[in-house]
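Accompanying notes for the structure given below.
Residue numbers (our numbering): 29 to 564.
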């Protein structure tokens with residue numbers, strides 16, 4: 029058996045010199061170039077063993093694009109770019125090269141609907157002229173834009189590998205899938221949740237098995253006290269975990285969700301996979317001058333693996349370069365790992381001492397190679413991507429700890445990432461040295477938080493896991509068009525009251541909205557904040 033990499037200072041320094049780069053949280057408008065190209069801006073990437081009952085032998089990938097969608101953003105709303113390719117890459121050998129790539133390409137079909145005005149047929153300015161039905165094809169005659177997509181699989185390098193034919197739609201046949209239109213409002217969509225769920229398709233991944241796919245609008249699941257964080261952390265980092273405002277709670281996003289059998293992803297006896305998502309544009313689009321040139325005159329303009337790398341780790345001069353880069357070339361960003369600036373800024377702003385250990389070997393283990401004994405491949409090249417040990421069983425939703433591995437929940441971040449993992453708080457604590465001895469990281473054990481809490485109980489326990497998007501109208505529907513969307517704390521209020529009364533917590537069914545019993549209570553705050561050093 030190949031010996032795992034020893035995390036000695038010499039080994040880490042060598043790895044960093046060749047292939048380094050860390051990660052932290054999420055990626056909304058994180059670089060100058062991509063800020064002007066929202067349709068190809070990757071915002072969040074999730075990868076986890078499915079915890080939906082009966083689907084535990086699948087891995088779920090969710091790649092979110094097109095950030096900060098106001099629900100009322102008509103009349104065009106938020107279509108993906110038909111010139112772009114949206115890709116999810118899997119490295120199942122640990123060599124910082126993709127072995128499998130899933131490629132999603134969209135097509136926006138404009139119907140050019142007209143209505144007669146004084147005997148003249150005139151094109152309408154709206155995306156629909158009537159109410160949508162409940163199924164993908166119902167009432168097609170009122171839809172001015174019909175969005176479809178294909179999913180293809182590439183084996184080997186994404187530009188030089190074997191491209192297979194588009195994957196088969198097992199639900200309706202063929203190789204084309206319908207994307208639900210965005211949630212315009214309750215007059216256009218009397219039952220949007222049912223309509224959207226009818227766009228979840230069964231898909232065949234060849235001889236290794238079947239899974240599911242969904243591409244469409246969701247409520248943004250990333251929780252962050254965004255304004256205060258970028259205003260020199262203008263909040264109390266030692267305050268309550270839910271004292272701040274999750275400003276993304278009233279924003280929607282577009283998700284590409286794939287559920288793939290584990291057997292379709294792993295290689296040989298290696299259970300660990302690494303993954304990241306990218307978006308590319310054609311050279312002739314004239315919008316990708318700073319991107320890395322791919323095959324067939326395409327440019328990569330967005331890259332996202334583990335959360336918030338490019339937002340709070342990469343320096344401003346290199347943000348566009350990171351978005352255009354490949355994991356195998358991550359050595360060019362090594363300084364941002366060996367000498368991270370975020371802990372130094374926190375020390376300046378709050379007098380909380382930054383860890384006094386360089387190079388930061390703890391960050392390398394957490395973000396570049398995987399943690400030995402948890403999610404480090406048997407042979408690994410240091411590179412930034414999200415890593416998942418597919419041999420570790422998923423944790424049921426009601427038992428998940430939102431602080432992931434540092435709270436003893438080994439099925440959570442950084443072993444993959446689930447919607448309910450509080451990656452901002454985890455990142456703050458890891459950057460300040462929660463994995464280091466106290467003598468070199470005096471602030472490492474502090475319960476640092478941005479004040480925007482998130483929990484697995486905020487989300488459905490079924491594919492595609494993220495919540496139904498907020499509607500554009502009416503205002504009373506809960507959108508923050510003029511009011512305030514429900515916070516994570518408010519969404520858990522009924523649960524907390526139920527627990528306080530001694531009864532079992534309940535969950536809301538994704539498709540029916542009915543309450544169903546859960547088997548155990550939400551992890552306590554003490555469990556979420558307690559570190560298990562036997563694992564890390």
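Where is the CB? At the ideal position from N, CA and C, for every residue including glycine. Predicted model only: the values in this text are computed from it and were never measured.
Best match in the options for proximity to residue i [C-alpha to C-alpha]
{"i": "residue 177", "options": "160, 155 and 131", "result": "131"}
{"i": "residue 385", "options": "459, 161 and 282", "result": "459"}
{"i": "residue 163", "options": "249, 200 and 301", "result": "200"}
{"i": "residue 284", "options": "190, 89, 78 and 499", "result": "89"}
{"i": "residue 139", "options": "484, 125, 403 and 169", "result": "169"}
{"i": "residue 263", "options": "493, 124 and 479", "result": "479"}
{"i": "residue 294", "options": "126, 502 and 92", "result": "126"}
{"i": "residue 364", "options": "253, 377 and 339", "result": "339"}
{"i": "residue 257", "options": "227, 446 and 373", "result": "373"}
{"i": "residue 278", "options": "297, 86 and 95", "result": "95"}
{"i": "residue 108", "options": "68, 481 and 147", "result": "68"}
{"i": "residue 297", "options": "150, 470 and 406", "result": "406"}
{"i": "residue 474", "options": "266, 464, 282 and 402", "result": "266"}
{"i": "residue 395", "options": "345, 413, 401 and 135", "result": "413"}
Three-state class that DSSP yields for residue i in the structure shown
{"i": "residue 135", "result": "strand"}
{"i": "residue 258", "result": "helix"}
{"i": "residue 355", "result": "helix"}
{"i": "residue 350", "result": "helix"}
{"i": "residue 289", "result": "strand"}
{"i": "residue 177", "result": "strand"}
{"i": "residue 423", "result": "coil"}
{"i": "residue 339", "result": "helix"}
{"i": "residue 360", "result": "helix"}
{"i": "residue 239", "result": "strand"}
{"i": "residue 397", "result": "helix"}
{"i": "residue 580", "result": "Outside the shown range of the chain, which is 29 to 564, sits residue 580, and nothing can be said about it."}
{"i": "residue 230", "result": "strand"}
{"i": "residue 414", "result": "strand"}
{"i": "residue 405", "result": "coil"}
{"i": "residue 325", "result": "helix"}
{"i": "residue 153", "result": "coil"}
{"i": "residue 332", "result": "strand"}
{"i": "residue 144", "result": "strand"}
Close Cβ partners of residue i (< 7 Å) along its chain, the five nearest in sequence each way excluded
{"i": "residue 292", "result": "233, 236 and 237"}
{"i": "residue 185", "result": "125 and 126"}
{"i": "residue 332", "result": "55, 70, 73, 304 and 305"}
{"i": "residue 310", "result": "111, 325 and 326"}
{"i": "residue 166", "result": "none"}
{"i": "residue 152", "result": "141, 142, 143 and 172"}
{"i": "residue 195", "result": "179, 180, 181, 203, 231, 232 and 233"}
Distance, residue j Cα to residue i Cα
{"i": "residue 154", "j": "residue 72", "result": "30 Å"}
{"i": "residue 179", "j": "residue 161", "result": "25 Å"}
{"i": "residue 370", "j": "residue 102", "result": "38 Å"}
{"i": "residue 249", "j": "residue 466", "result": "33 Å"}
{"i": "residue 66", "j": "residue 93", "result": "8 Å"}
{"i": "residue 144", "j": "residue 137", "result": "22 Å"}
{"i": "residue 280", "j": "residue 210", "result": "9 Å"}
{"i": "residue 243", "j": "residue 389", "result": "38 Å"}
{"i": "residue 498", "j": "residue 387", "result": "44 Å"}
{"i": "residue 79", "j": "residue 454", "result": "21 Å"}
{"i": "residue 419", "j": "residue 300", "result": "8 Å"}
{"i": "residue 461", "j": "residue 429", "result": "20 Å"}
{"i": "residue 171", "j": "residue 91", "result": "26 Å"}
{"i": "residue 222", "j": "residue 427", "result": "28 Å"}
{"i": "residue 104", "j": "residue 502", "result": "18 Å"}
{"i": "residue 98", "j": "residue 272", "result": "21 Å"}
{"i": "residue 457", "j": "residue 216", "result": "45 Å"}
{"i": "residue 416", "j": "residue 449", "result": "14 Å"}
Residue i: first and last residue of the uninterrupted alpha helix (DSSP H) it sits in
{"i": "residue 363", "result": "363 to 366"}
{"i": "residue 454", "result": "451 to 459"}
{"i": "residue 222", "result": "220 to 225"}
Start and end residues, beta strand (DSSP E) containing residue i
{"i": "residue 369", "result": "No beta strand (DSSP E) contains residue 369, which is instead part of the alpha helix (DSSP H) from 369 to 378."}
{"i": "residue 74", "result": "70 to 77"}
{"i": "residue 303", "result": "300 to 310"}
{"i": "residue 434", "result": "From DSSP, residue 434 is part of no beta strand (DSSP E); its letter is neither H nor E."}
{"i": "residue 207", "result": "205 to 207"}
{"i": "residue 384", "result": "Per DSSP, residue 384 belongs to no beta strand (DSSP E) and is neither H nor E."}
{"i": "residue 91", "result": "86 to 97"}
{"i": "residue 113", "result": "113 to 119"}
Residues near residue i in its chain [Cβ-Cβ closer than 6 Å; skip 5 each side]
{"i": "residue 378", "result": "none"}
{"i": "residue 536", "result": "Confidence in residue 536 is poor, its pLDDT being 36 and thus under 50, which makes the residue's placement too unreliable to answer from."}
{"i": "residue 261", "result": "377"}
Close beta carbons around residue i, own chain, < 8 Å, minus the five adjacent residues each side
{"i": "residue 368", "result": "50, 341, 388, 391 and 459"}
{"i": "residue 491", "result": "78, 80, 83, 88, 228, 240, 242, 285 and 287"}
{"i": "residue 290", "result": "77, 85, 86, 87 and 418"}
{"i": "residue 312", "result": "325"}
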